[in-house]
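**Student:** Got a structure for you, questions after.
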Amino acid sequence: MSDTGAGDNSGIQAGGDIRIDGSAVAVNRSTATTGTPADVDREAAIAELRAAARLLLDQVRTHQGEYEDGEELVGAAERVEAELAQDEPRRGVLLRWLGFLAPGVAATAAVAGDVAALQDSVTSLF
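Dropping the structure here:
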């Protein structure tokens, strides 16, 4: 039987502000665990995603001048933040706007890593 290496996950760190290690998502010094809603405190995890979205929006605004479509990317980050503010954020909407952001911020590794971390977290939670 082959070993899948699932227990060897060393984690992902993106931009120093958002980290994913196995099923844990950390923003700065606070952490939310992702997985099935029965396994986690979903509201706490969504609160962490909201904090991460605010951080992402700040980062995109900071680097806006470095991006070809900086204004549109800021708008997309605002839409991600607005969707996460809803009582029941919609997975498809979040992934669509994060998918729009990903190639646009690729020039800034920290921001691109944070977008990828948010995409993984949205996929896990919703």
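Each residue of the sequence shown is one higher than the one before, counting from 0 in numbering that gives the first Met the number 0.
For glycine and all other residues, C-beta sits at the position ideal for the given N, C-alpha and C.
Output the distance between the C-alpha atoms of alanine 50 and threonine 107, rounded to the nearest integer angstrom.
**Tutor:** Residue 50 sits at position 51 when you count from the first residue of the sequence shown. Residue 107 sits at position 108 when you count from the first residue of the sequence shown. Between alanine 50 and threonine 107, the C-alpha separation is close to 20 Å.
**Student:** My output table needs one value for arginine 89: the three-state DSSP class, helix, strand or coil.
**Tutor:** Here residue 89 corresponds to residue number 90 of the sequence shown, with the count starting at 1. DSSP places arginine 89 in coil when its eight states are reduced to three.
**Student:** Give me the Cα-Cα distance between proline 102 and threonine 61, rounded to the nearest whole angstrom.
**Tutor:** Sequence index remark: in the sequence shown, residue 102 carries index 103 (1-based). Sequence index remark: in the sequence shown, residue 61 carries index 62 (1-based). Their backbone Cα atoms lie some 17 Å apart in a straight line.
**Student:** Looking at C-alpha atoms only, which residue of Ala105, Ala76, Ala84, Glu42 is the closest neighbour of arginine 95?
**Tutor:** Taking the sequence shown and counting its residues from 1, the one referred to as residue 95 is at position 96. Cα-wise, what sits closest to arginine 95 is Ala76.
**Student:** Could you check if glutamate 82 is buried or exposed, using at least 16 other CB atoms within 10 Å of its CB as the buried criterion?
**Tutor:** Taking the sequence shown and counting its residues from 1, one reaches residue 82 at position 83. Buried, because 16 or more other Cβ atoms sit within 10 Å of the Cβ of glutamate 82.
**Student:** Rounded to whole angstroms, what's the CA-CA distance from alanine 105 to glutamate 65? Just pull it up for me.
**Tutor:** Within the sequence shown, the letter at position 106 stands for residue 105. Within the sequence shown, the letter at position 66 stands for residue 65. Cα to Cα, alanine 105 sits roughly 11 Å from glutamate 65.
**Student:** Going by Cα to Cα distance, which pick from Glu42, Ala43, Val79, Ser123 is closest to leucine 100?
**Tutor:** In the sequence shown, counting from the first residue as 1, residue 100 sits at position 101. The residue with the shortest Cα to Cα distance from leucine 100 is Val79.
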